[in-house]
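In what follows, a structure is listed as structure tokens, so that the remarks can point back to it.
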Amino acid sequence: MKKITTHSFEETQTIGLDFAQTLKGGTVLALHGDLGSGKTTFVQGLAKGLGITGNIISPTFIIVRTYTLPTGGNFYHIDLYRIESEQDIEGLGLSEIMADPNNIVAIEWPEKIAGLLPKHAKALHFRYLNDDNREIEL
Numbered sequence: 626m627k628k629i630t631t632h633s634f635e636e637t638q639t640i641g642l643d644f645a646q647t648l649k650g651g652t653v654l655a656l657h658g659d660l661g662s663g664k665t666t667f668v669q670g671l672a673k674g675l676g677i678t679g680n681i682i683s684p685t686f687i688i689v690r691t692y693t694l695p696t697g698g699n700f701y702h703i704d705l706y707r708i709e710s711e712q713d714i715e716g717l718g719l720s721e722i723m724a725d726p727n728n729i730v731a732i733e734w735p736e737k738i739a740g741l742l743p744k745h746a747k748a749l750h751f752r753y754l755n756d757d758n759r760e761i762e763l
């Protein structure tokens, strides 16, 4: 794993933007980290790097936001912060979403559905250091 320390919101987004260039359809990202550790900021840059335009906001209250990728398929930003168990997301089709080879999926709080994550999911770890600084393990 590679550790990167960012010193601003913009730097965290840039790391996401650059990381997007390494992704292909079928990728599932498991974004681990406490509140305020930079996960959503990273996803904003990631989406931009995938060619998605518009405002990327956290799906905390709706769980899943879907964006069409310019190359086909979809980008799914999933935030599981408010769920208590895997039963809370039954009916959302997350297994099918993660299994689709055309989709790219970024999941915040993936530990809440550890039993559903595919073995090929890539774990990224985010850590809040102080007001401006974050540590990201890719």
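Numbering of the sequence shown is given in our numbering, commencing with residue 626 and proceeding in unit increments. Virtual Cβ for every residue (Gly too), placed ideally from N, Cα, C.
- Counting only residues of its own chain and dropping the five nearest sequence neighbours on each side, residue 720 has a CB closer than 7 Å to the CB of 741.
- With contacts defined as CB atoms closer than 9 Å, residue 730 and residue 700 qualify as a contacting pair.
- Counting only the Cα atoms, residue 683 lies some 15 Å from residue 634.
- For residue 697, same chain residues with a beta-carbon under 7 Å away, outside a window of 5 residues either side, are 727 in chain order.
- Every alpha helix (DSSP H) of 4 residues or more that sits fully in the segment 661-738 is shown, in chain order, as 664-674 and 719-724.
- Under the three-state reduction of DSSP output, residue 645 falls in the helix class.
- A direct Cα-to-Cα measurement between residue 679 and residue 673 gives close to 9 Å.
- Around the beta carbon of residue 709, fewer than 16 other beta carbons sit within 10 angstroms, so the residue counts as exposed.
- Within the DSSP bridge table, the entry for residue 640 names no partner.
- When 667, 715, 692 and 756 are compared, the shortest CA-CA separation from residue 638 is found for 667.
- Counting every other CB atom within 10 Å of its CB across the protein chains shown gives residue 704 a total of 16 or more, marking it as buried.
- A residue is called buried once 16 or more other Cβ atoms fall within 10 Å of its Cβ, and residue 660, having fewer, is exposed.
- Counting C-beta atoms within 10 angstroms of its own C-beta, residue 669 has 16 or more neighbours from the protein chains shown and is therefore classed as buried.
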